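Enquirer:
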Amino acid sequence: MQIEVLKSKIHRVKITESNLNYIGSITIDENLMDAANIIENEKVTVLNIENGERLETYVIKGTRGTGMICMNGPAARRVAVGDTIIVVSYALMPFEEAKTHKPVIIFPKEDNSL
Numbered sequence: 191m192q193i194e195v196l197k198s199k200i201h202r203v204k205i206t207e208s209n210l211n212y213i214g215s216i217t218i219d220e221n222l223m224d225a226a227n228i229i230e231n232e233k234v235t236v237l238n239i240e241n242g243e244r245l246e247t248y249v250i251k252g253t254r255g256t257g258m259i260c261m262n263g264p265a266a267r268r269v270a271v272g273d274t275i276i277v278v279s280y281a282l283m284p285f286e287e288a289k290t291h292k293p294v295i296i297f298p299k300e301d302n303s304l
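With our numbering, letter number 41 in the sequence shown gets 231, and the count goes up by one each step, no holes.
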């Protein structure tokens with residue numbers, strides 16, 4: 191049996207940009223991606239603390255060291271610059287392996303730095 195468990199979490203970062211006229215995705219500072227063990231094109235769930243919105247999208251690399259968190263495409267209507275979000279990703283694994291799995295969780299500073 192395979193189950194889906196938390197793989198990675200970026201806990202409480204601020205939206206720095208919003209780009210409605212893009213085909214979709216969330217752009218994340220590459221330093222945050224590395225620290226959270228998230229890769230480009232990985233599916234993520236974005237949880238907006240300000241309004242309770244939850245959405246799924248995929249990740250694209252943002253400029254390293256900038257703290258950039260940019261919501262792109264239609265999802266840009268569901269967040270505002272300055273909103274605090276949580277970004278999570280999940281992994282499928284065998285049930286027994288999941289019992290000992292430890293997700294990577296990071297807690298960036300208020301300026302989205304590590």
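Where is the CB? At the ideal position from N, CA and C, for every residue including glycine. Since the model is a prediction, treat every value here as computed from it, not as a measurement.
What would DSSP say about G214, mapped onto helix, strand or coil?
Expert: Taking the first residue of the sequence shown as position 1, residue 214 is located at position 24. Correct three-state label for G214: coil.
Enquirer: Determine the direct distance from the alpha carbon of I250 to that of D224, and round the result to whole angstroms.
Expert: Within the sequence shown, numbered from 1, the residue matching residue 224 stands at position 34. Within the sequence shown, numbered from 1, the residue matching residue 250 stands at position 60. Straight-line Cα distance between these residues: approximately 12 Å.
Enquirer: Relative to the C-alpha of L319, which residue among Q192, I193, H201 and K197 is closest?
Expert: Shown here, the chain extends from 191 to 304; a query on residue 319 therefore has no answer.
Enquirer: Just checking my contact of A288 with I216 at CB under 8 Å: how many whole Å lie between their CB atoms?
Expert: Counted from its first residue, the sequence shown places residue 288 at position 98. Counted from its first residue, the sequence shown places residue 216 at position 26. About 26 Å separates the two Cβ atoms, so there is no contact after all.
Enquirer: Give the single residue among K292, L210, L245 and M191 whose Cα lies nearest to the Cα of V277.
Expert: As a first step, residue 277 must be located in the sequence shown, where it is residue number 87. It is L245 whose Cα lies nearest to the Cα of V277.
Enquirer: Pick out the complete beta strand (DSSP E) segments inside the segment 245–294, 3 residues or longer, and give them in chain order.
Expert: If one requires a minimum length of 3 residues, the beta strand (DSSP E) runs lying completely within the segment 245–294 are 259–262 and 274–284, in chain order.
Enquirer: Check whether the Cβ atoms of D273 and I295 sit closer than 9 Å, and answer yes or no.
Expert: What you label residue 273 is simply residue 83 of the sequence shown in a count that begins at 1. What you label residue 295 is simply residue 105 of the sequence shown in a count that begins at 1. Result no, Cβ atoms of D273 and I295 do not sit closer than 9 Å.
Enquirer: Return the Cβ separation of M258 and S208 in integer angstroms, given the expectation that the two are a contact with Cβ distance under 8 Å.
Expert: In the sequence shown, the residue the question calls residue 258 occupies position 68. In the sequence shown, the residue the question calls residue 208 occupies position 18. The beta carbons of M258 and S208 sit about 12 Å from each other, so the pair does not count as a contact at 8 Å.
Enquirer: Can you grab the Cα-Cα spacing for the pair K299 / F285, in whole Å?
Expert: Against the sequence shown, residue 299 aligns to sequence position 109. Against the sequence shown, residue 285 aligns to sequence position 95. Cα to Cα, the separation comes out at about 34 Å.
Enquirer: Candidates L210, K199, A281 and N302: which alpha carbon is nearest V236's?
Expert: Counting from 1 along the sequence shown, the entry for residue 236 is found at position 46. Out of L210, K199, A281 and N302, the CA that lies nearest to the CA of V236 is found in K199.
Enquirer: Among the candidates T290, L282 and P293, whose CA atom is the shortest distance from the CA of M191?
Expert: Locating residue 191 in the sequence shown gives position 1, where the first residue counts as 1. Comparing Cα-Cα distances from M191 to each of T290, L282 and P293, the minimum goes to L282.
Enquirer: Could you tell me if L222 is buried or exposed, where buried requires 16 or more neighbouring beta carbons within 10 angstroms of its beta carbon?
Expert: Working through the sequence shown from its first residue, we reach residue 222 at position 32. Answer is buried; the Cβ neighbour count reaches 16.
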